[in-house]
Amino acid sequence: MAKPLKGKAALKGMPQKPLSKRIRKNAAYYVMLAPLMCCLLVFCYFPMVGIFYAFTDYSPFRQDFNLVGFTNFENLFASAGFWQAFRNTLVISSVRLLLVTFGSIGLALLLDEIRSVWFKKLTQTVVYIPHFMSWVVVASVFTMFLSPKTGMVNGILQALGLESIYFLADKEWWRPCLYLISMWKEVGWGAIIYVSALAGVDMEQHEAAIMDGANRIQRVRHITLPAISGTIMVVFILNLAKILNLFDPVWVLQNAMVINESDVIETYVYRLGITSSQYGISTAAGLFKSVISVGFVILGNKLTKKITGEEVI
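FYI, the UniProt record's numbering numbers position 260 of the sequence shown as 260, with every residue one higher than the one before it.
What follows is the structure, given as structure tokens:
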């Protein structure tokens, strides 16, 4: 006796409605989706046309331009400034990603321990707010906060008999400041998904562990973290896709005193394109960054499959 078809095989045997009818049936959904699709086309897909300029000597000050093949890439890779920016990008983005990821998980675990509903909601609101502040505002606030003359931090140092530190102009302090500011701004928002995942953890397992004498740390290690490991990996891969996007935080906190320690690919591209009008080389640098980003996503996906046995994408 033949077995009944299931899943996609069963759907193949069913008559399909005409496309026009399906569109009319779901017209409301398409209307709601249209603005988002327009934004994606205008800001994500249309700029891809500019990749062509990476292989030309294009300049907005000339009417014509010539194809130069991979000359722009050769000049780019021969530049010591580019490799300095590339190394800075890898170090800053990697440390920032790890700190924000672990900080978000830690904050989510702390929020999950709050039993008062109103206090938990108040705390969540307070820690989410910094995410919605622009980097310009955040940089202005912390510049005043860390000012060597009027800043509160240096005021405390002076009161303790210590010398003032110009944190954002000191080569040793600039990166730690960027990491701390990034955590202050993004950890609260990053904790949202983990808080939701923690709500789905089976409390009976915790109760059984308590009866067996497990303390809080042991329960977090052996029950909570394994239960949300899938969510952690998905969020990590999604963040890995944008790991090299550092323009906003770096640009607003950067200054000439720390240019060698703070220059990243995106600020390097900006200076080449806007300041020096070297559009071909700047486009080549941007294309190279995009290729590296895709490579990180593929690598992260493979690592996820090796660790969890399942791919995220």
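In this text, a Cβ means the ideal position worked out from N, Cα and C, and glycines have one as well.
Since this is a predicted model, take the numbers as computed values, not measurements.
Closest by C-alpha distance to Val68, out of Phe52, Tyr30, Ile243, Arg87, is Phe52. Closest option to Ser290, judged by alpha-carbon separation, among Pro35, Tyr30, Leu36, Ala54: Ala54.
Below 8 Å, enough C-beta pairs join the region 104-119 and the region 195-204 to call them touching: three or more.
No Cβ-Cβ contact shorter than 8 Å links Ile265 with Leu299. Around Gln254, the same chain offers Ser262, Thr267 as residues with beta carbons nearer than 7 Å, after the five sequence neighbours per side are excluded. Per the DSSP secondary-structure output, Leu67 pairs in a beta bridge with Thr56. Relative to the Cα of Ala80, the nearest Cα in the group Arg175, Asn260, Asp248 belongs to Asn260. Around the beta-carbon of Lys185, 16 or more other beta-carbon atoms lie within 10 Å, marking it buried. Three or more pairs of CB atoms, one per stretch, sit closer than 8 Å, so the region 173-190 contacts the region 138-147. Straight through space, the alpha carbons of Arg24 and Thr143 are spaced by roughly 54 Å. Sixteen is the threshold: since fewer than 16 other Cβ atoms of the shown chains lie within 10 Å of the Cβ of Phe61, the residue is exposed. Burial is judged here by how many other beta carbons sit within 10 angstroms of a residue's own beta carbon; Ile237 has at least 16 and is buried. Annotation: the continuous alpha helix (DSSP H) that includes Gly230 extends over 229-241. Assigned with DSSP and collapsed to three states, Glu261 falls in helix.
When DSSP states are grouped into helix, strand and coil, Phe61 belongs to the coil group. In this structure, Ile281 sits away from Asn88, with a CB-CB distance that is not shorter than 8 Å.
In this structure, Ala256 lies away from Val269, with their beta-carbon atoms at least 8 Å apart. Judged by their CB atoms, Val258 and Ala169 are nearer to each other than the 8 Å cut-off.
Nearest neighbour of Ser293 by Cα position, chosen from Ala241, Val252, Tyr128, turns out to be Ala241. Its Cα nearest to that of Pro249, the residue His131 stands out among His131, Val201, Cys44.
If you draw a straight line from the Cα of Thr101 to the Cα of Ile228, it is about 13 Å long. Counting only residues of its own chain and dropping the five nearest sequence neighbours on each side, Phe119 has no CB closer than 7 Å to any other CB. Exposed is the label assigned to Asn26, since fewer than 16 other Cβ atoms lie within 10 Å of its Cβ.
Within the model, the alpha-carbon separation for Arg96 versus Phe43 is close to 26 Å.
In the DSSP assignment, Ile192 falls within the alpha helix (DSSP H) that extends over 174-198. Going by C-alpha positions, Phe77 is about 13 Å away from Thr283. Rounded to whole angstroms, the gap between the alpha carbons of Gly188 and Gly230 is 20 Å.
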